[in-house]
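With full-length UniProt numbering applied, the sequence shown covers 1 to 651. Each remark here refers to the structure printed beneath this line.
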Amino acid sequence: MAQVRRDTNRGTGVWSGVVQIAAAHTLIIVGLYEPSVLLPTTAIGFFISSWVLGKFPNPLPRKNELIAAAHRENWRTSALTEVEKSAQSRLEEIEQKAGVLVEMRSQLQTKSTQLAQWEQNLLQAEGKFRELLQQTEDHYKELLQQQAEQYMAEIRLREGTIVGLQQKIMRMANRPDPKQGFAAWVAQMLLDALEQNQVYCRMVAFQKVPGVREVSVWVELEPIAVEPGYARKLEGLSKEVASLVKLGEPAIQWDEDECIWEFRFAPRYETEESLLANVIDDPKELPAVIEPDDPDWFRRAIRVSFSCLIHGGMGAGKSVLVSNLICCANQELEQVYSLAPELVIIDPKFPDSEWIIAGKRIKPNYRGWENSITGVADMGQEVDRRLDEAKAIAEEIDEELFADPNYVLPLPERTPTIWVIDEAAALHERYGNEFSEPLKNAFWVGRSTRNVAIAIGQNPNCSNYGLQRPDAENASRFFLGAAMALKGLDELKTTRELKTKLRQQIYARLALVRQRKLQGIDKPEEQYFGLVAIQNEMPFIAQMPPPNAFAFDGEVELREGEEIETIENLIEQADWEETLRALPEELRIVAEYAKRKRGDWVTARDIKRDRNRGKISTASTEEVRQWFTRLAAMGIGEVTGGGTALKYKLG
């Protein structure tokens with residue numbers, strides 16, 4: 001009960017609880033000593049206790065709270081004392097540090113004053129040094145100016161002396177005599193024009209190309225003449241000389257190997273006809289036509305590099321050359337790899353151009369401009385694919401086996417592929433690197449991947465195909481026709497002497513062409529010649545093989561190609577006599593003569609010397625060789641060689 005009252009009211013003092021307990025115990029004790037009053041006293045005691053507890057809460061908990069509060073007060077007092085002591089100690093430390101800082105501030109102010117003084121001293125010293133340096137600089141500038149003026153005066157004096165000596169030497173040494181002929185007169189005119197414009201030189205040589213009014217003059221100019229500004233000056237002077245000698249547009253070329261300049265004066269020509277008009281019909285002046293030393297040069301051009309770059313204008317014989325290249329490449333590739341090559345033709349101009357290979361009309365695989373550039377890209381991807389395929393096979397070889405030099409590395413099965421690209425220069429002009437990069441790739445690694453690229457164009461410069469000179473040198477190059485061959489000489493890098501000889505050969509062949517045309521032959525065989533540059537060989541002039549000179553017995557594997565029947569298919573079932581009766585007279589005579597020889601090779605001269613030659617008596621040897629190729633294309637016999645070395649045999 002006492003506990004309940006303590007919980008309900010905690011605000012009373014300690015003494016209320018004492019009174020409550022004392023009253024309760026007193027009544028109980030009275031009841032024990034007096035049994036008669038035990039029950040009443042007990043009840044009264046409990047009543048009083050209840051009343052007291054109701055009025056006055058239990059004092060004992062309040063005492064404990066007071067004691068706890070006293071303890072807390074003591075603890076707080078002691079804590080405050082400790083904090084006060086700590087604060088006092090901290091204050092003393094701060095006061096001590098403040099004193100130190102004041103002392104350091106005083107020292108820093110002293111040092112700052114010293115540094116300011118030093119800075120002032122340095123600025124004064126810098127000003128004095130600048131003044132002294134400026135005085136020294138002015139002194140030396142004046143001294144150098146005086147020395148430079150002295151040196152320049154001496155140099156001008158020496159230059160004047162040197163110029164005078166050069167003029168005297170040049171007039172006395174290696175001067176052409178105009179009486180020596182037309183070329184000497186042109187050279188004299190050029191040297192006079194150069195010297196009048198203070199361009200001093202030493203003449204190396206001059207030469208007139210036989211058979212035509214073309215003169216080349218080689219001179220060695222003073223060293224400054226190789227600068228770009230001098231090139232423009234030389235061009236202007238050469239044009240003045242060209243107008244005086246009436247030789248059209250001059251050409252100037254710097255020979256890096258011999259470090260000399262070539263001035264070439266020639267009639268202006270744009271076509272073969274204009275070039276023929278300037279050829280001189282003087283047999284004494286014309287050199288003899290020289291054929292290549294190797295009669296099998298055409299096959300060698302394929303064997304050496306496989307890829308080809310053909311330059312030729314309209315009517316120059318590009319179609320015939322390409323047909324022969326495809327047939328020859330087919331034979332060479334099949335002989336080397338024992339696999340029939342695959343032919344892919346890329347023609348942007350289809351159907352304006354026609355492809356007849358070995359008597360068969362073929363539809364190009366890639367037709368039109370957009371499809372053609374896709375075909376070029378496919379060629380580049382095919383080259384890369386074959387390289388990656390070979391690499392994958394090589395990487396799987398055991399290292400120990402790979403290190404054996406006698407071990408032959410395996411290669412994947414590769415079908416040789418001939419890629420023919422027409423209008424290559426026009427494709428590059430339209431598509432740029434998208435065309436040139438695959439072509440470069442084919443030229444560089446086409447041989448190892450068995451990809452033969454034959455690019456055809458009408459421009460002689462390799463830059464028009466997106467190629468550099470080293471790129472083009474990886475292919476055999478053909479410059480068809482006289483005009484293109486002359487431009488090709490400037491494109492190729494070779495010696496001055498060889499260029500002169502080749503230029504003479506071009507004009508010698510032109511003279512023969514002109515003679516044939518005067519005889520009434522509209523398209524003589526002599527006009528189909530060109531400049532040939534085989535990889536790593538000296539260029540030469542050669543007669544191009546006639547049509548179907550390399551017609552093959554086998555079949556080229558075609559992609560989407562269309563074929564027509566040949567004469568061979570038509571006469572395959574006929575006997576010999578019926579075949580002869582079906583032939584024109586000239587072909588019949590040739591076939592009968594070859595049959596009498598019983599399988600021996602015969603030449604055009606053999607046919608013309610035969611007493612039964614009949615109609616052949618009025619034909620030229622070239623026409624007879626054309627009949628050889630026609631018979632071979634029909635499947636009647638076979639031919640070998642090319643050009644003037646062409647032979648025919650009937651089995």
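Every residue, glycine too, gets a C-beta built ideally from N, C-alpha and C. All figures in this text were calculated on a predicted structure; none of them were measured in a lab.
Query raised in the report: Apart from the five residues on each side of it in sequence, which residues of its chain come closer than 6 Å, Cβ to Cβ, to G642?
Result: Position 642 of the sequence shown, counted from the first residue, corresponds to residue 642. Within the same chain, G642 has close Cβ partners F298, P545, A549.
Report task. Out of E262, A533, A184, point me to the one whose CA is closest to L502's CA. Result -> Translated into positions along the sequence shown, residue 502 becomes position 502. Among E262, A533, A184, the Cα nearest to that of L502 belongs to A533.
Query raised in the report: Between A645 and V289, is the Cβ-Cβ spacing less than 9 Å?
Result: Position 645 of the sequence shown, counted from the first residue, corresponds to residue 645. Position 289 of the sequence shown, counted from the first residue, corresponds to residue 289. 9 Å or more divides the Cβ of A645 from the Cβ of V289.
**Report entry** CA nearest to the CA of M484, picked from D600, Q504, Q458
**Finding:** The count along the sequence shown starts at 1 and reaches residue 484 at position 484. Of D600, Q504, Q458, the smallest CA-CA separation from M484 is found for Q458.
Query raised in the report: What beta strand (DSSP E) runs, 3 residues minimum, are completely inside the stretch 295-372?
Result: Fully enclosed beta strand (DSSP E) runs of 3 or longer: 308-311, 342-347.
Requested in this report: Verify whether the separation of the beta carbon atoms of L411 and I393 is less than 9 Å.
Outcome: Locating residue 411 in the sequence shown gives position 411, where the first residue counts as 1. Locating residue 393 in the sequence shown gives position 393, where the first residue counts as 1. Against a cut-off of 9 Å, the Cβ pair of I393 and L411 comes out as a contact.
Query raised in the report: So, P348 versus N330, is the Cβ gap smaller than 9 Å?
Result: Residue mapping note: residue 348 aligns to position 348 of the sequence shown, counting from 1. Residue mapping note: residue 330 aligns to position 330 of the sequence shown, counting from 1. Cβ atoms of P348 and N330: not closer than 9 Å.
Query raised in the report: Residues bridged to C462 by DSSP?
Result: Residue numbering aside, residue 462 sits at position 462 when the sequence shown is read from its first letter. Per DSSP, C462 has no beta-bridge partner at all.
Requested in this report: Starting from the C-beta of N464, find all residues in its chain whose C-beta is less than 8 Å away, skip the five residues before and the five after it, and write them out in chain order.
Outcome: The sequence position of residue 464 within the sequence shown is 464, counting from 1. A425, H428, E429, G457.
Query raised in the report: Nearest to E525 by alpha carbon, out of M538, R414, G481?
Result: Residue numbering aside, residue 525 sits at position 525 when the sequence shown is read from its first letter. Out of M538, R414, G481, G481 has the C-alpha closest to the C-alpha of E525.
Requested in this report: Sort out for me which residues DSSP pairs I421 with in a bridge.
Outcome: Taking the first residue of the sequence shown as 1, we reach residue 421 at position 421. Partner residues in the beta bridge of I421, as assigned by DSSP, are I346, A455.
**Report entry** For F443, the first and last residue of its enclosing alpha helix (DSSP H)
**Finding:** Stepping through the sequence shown from its first residue, residue 443 is reached at position 443. Run containing F443: 433-445, per the alpha helix (DSSP H) assignment.
Requested in this report: Figure out for me which residue from V602, K499, P547, E399 has the closest Cα to the Cα of V322.
Outcome: On the sequence shown, residue 322 is found 322 positions in, with the first residue counted as 1. Of the listed residues, the one whose Cα sits closest to V322 is P547.
Query raised in the report: Any contact of the stretch 503-522 with the stretch 331-338, i.e. 3+ C-beta pairs under 8 Å?
Result: Taking 8 Å as the limit for Cβ pairs, the verdict is that the stretch 331-338 does not touch the stretch 503-522.
Query raised in the report: For Q120, which three-state DSSP category applies?
Result: Here residue 120 is taken as the residue at index 120 of the sequence shown, counted from 1. Residue state, collapsed to three classes: helix.
Query raised in the report: Any contact of the stretch 586-595 with the stretch 357-368, i.e. 3+ C-beta pairs under 8 Å?
Result: Touching, no, given that fewer than three Cβ pairs across the two stretches are closer than 8 Å.
Query raised in the report: At which residues does the alpha helix (DSSP H) containing E497 begin and terminate?
Result: By 1-based counting over the sequence shown, the position of residue 497 is 497. That run of the alpha helix (DSSP H) goes 496-518.
Report task. Could you please give the first and the last residue of the uninterrupted beta strand (DSSP E) stretch that includes F628? Result -> Position 628 of the sequence shown, counting from 1, holds the residue named residue 628. For F628, no beta strand (DSSP E) encloses it; the enclosing alpha helix (DSSP H) starts and ends at 621-634.
Query raised in the report: Quick one: what's got a C-beta closer than 8 Å to T161's C-beta in the same chain, skipping five residues either side?
Result: Looking up residue 161 in the sequence shown gives position 161. Sequence-distant partners of T161 (beyond 5 residues in either direction) whose C-beta falls short of 8 Å from its own C-beta are missing from its chain.
Requested in this report: Would you mind stating whether E291 and Q543 have Cβ atoms separated by less than 9 Å?
Outcome: Along the sequence shown, one-based indexing puts residue 291 at 291. Along the sequence shown, one-based indexing puts residue 543 at 543. The Cβ-Cβ distance between E291 and Q543 falls below 9 Å.
**Report entry** Inter-residue spacing [alpha-carbon to alpha-carbon] between T566 and K391
**Finding:** Along the sequence shown, one-based indexing puts residue 566 at 566. Along the sequence shown, one-based indexing puts residue 391 at 391. Only weak support is given to the placement of T566: the predicted model assigns it a pLDDT of 37, under 50, and the value that follows is read from those uncertain coordinates. Each residue's Cα considered, the two are about 43 Å apart.
Query - From V452, G312, E382, V445, residue whose alpha carbon lies closest to that of C462 - result: Locating residue 462 in the sequence shown gives position 462, counting from the first residue. Checked all of V452, G312, E382, V445; the closest Cα to C462 is G312.
Report task. Taking A619 as the reference, give the member of I67, G520, K595 with the closest Cα. Result -> In the sequence shown, the residue the question calls residue 619 occupies position 619. If we check each option's Cα against that of A619, G520 comes out closest.
Query raised in the report: What did DSSP end up calling G642 once you bin it into helix, strand or coil?
Result: As a position in the sequence shown, residue 642 is number 642, starting the count at 1. Coil at G642, not helix or strand.
Query raised in the report: DSSP three-state call for T110: helix, strand or coil?
Result: What you label residue 110 is simply residue 110 of the sequence shown in a count that begins at 1. Helix.
Query - Range covered by the beta strand (DSSP E) that runs through V590 - result: By 1-based counting over the sequence shown, the position of residue 590 is 590. Looking at the DSSP string, V590 is not in any beta strand (DSSP E); the run it does join, the alpha helix (DSSP H), is 585-596.
Requested in this report: For G99, count neighbouring Cβ atoms within 10 angstroms of its own Cβ and tell me buried if that reaches 16, exposed if not.
Outcome: For this step, residue 99 is matched to residue 99 along the sequence shown. G99 should be labelled exposed.
**Report entry** Coarse secondary structure for Y140, derived from DSSP in three states
**Finding:** Within the sequence shown, residue 140 is the residue found at index 140, counting from 1. When DSSP states are grouped into helix, strand and coil, Y140 belongs to the helix group.
Query - The alpha helix (DSSP H) enclosing K523, as first and last residue numbers - result: Looking up residue 523 in the sequence shown gives position 523. Careful: K523 lies outside any alpha helix (DSSP H) and carries neither H nor E.
Requested in this report: Label G164 either buried or exposed according to how many other C-beta atoms from any shown protein chain fall within 10 Å of its C-beta, with 16 as the threshold for buried.
Outcome: Taking the first residue of the sequence shown as 1, we reach residue 164 at position 164. Residue environment analysis places G164 among the exposed positions, since fewer than 16 neighbouring C-beta atoms fall within 10 angstroms of its C-beta.
Query raised in the report: So, L387 versus V445, is the Cβ gap smaller than 9 Å?
Result: Along the sequence shown, one-based indexing puts residue 387 at 387. Along the sequence shown, one-based indexing puts residue 445 at 445. V445 is positioned such that its CB atom lies closer than 9 Å to that of L387.
Query raised in the report: Looking at N433 and G466, is the spacing between their C-beta atoms short of 9 Å?
Result: Position 466 of the sequence shown, counted from the start, is the residue given in the question as residue 466. Position 433 of the sequence shown, counted from the start, is the residue given in the question as residue 433. Yes. Within cutoff.
Query raised in the report: Near R300, what residues of its chain come up, given a Cβ to Cβ distance below 7 Å and the 5 sequence neighbours on each side ignored?
Result: Translated into the one-based positions of the sequence shown, residue 300 becomes position 300. Excluding sequence positions up to five before and after R300, its CB lies within less than 7 Å of the CB of D294, I534, all in the same chain and listed in chain order.
Requested in this report: Measure how close the beta-carbons of T621 and A604 come, nearest whole angstrom, since I'm counting them as under 8 Å.
Outcome: In the sequence shown, residue 621 corresponds to position 621, counting from 1. In the sequence shown, residue 604 corresponds to position 604, counting from 1. T621 to A604, Cβ: 4 Å. Contact.
Query - Limits of the alpha helix (DSSP H) - the one that R469 falls within - result: Position 469 of the sequence shown, counting from 1, holds the residue named residue 469. Looking at the DSSP string, the run of the alpha helix (DSSP H) that includes R469 is 469-472.
Requested in this report: Report the rounded CA-to-CA distance for A574 versus W419, giving the unit in angstroms.
Outcome: Numbered from 1 along the sequence shown, position 574 holds the residue referred to as residue 574. Numbered from 1 along the sequence shown, position 419 holds the residue referred to as residue 419. Low confidence applies here, because A574 scores a pLDDT of 41, under 50, leaving its location unreliable; read the following figure in that light. Computed Cα separation, rounded: 37 Å.
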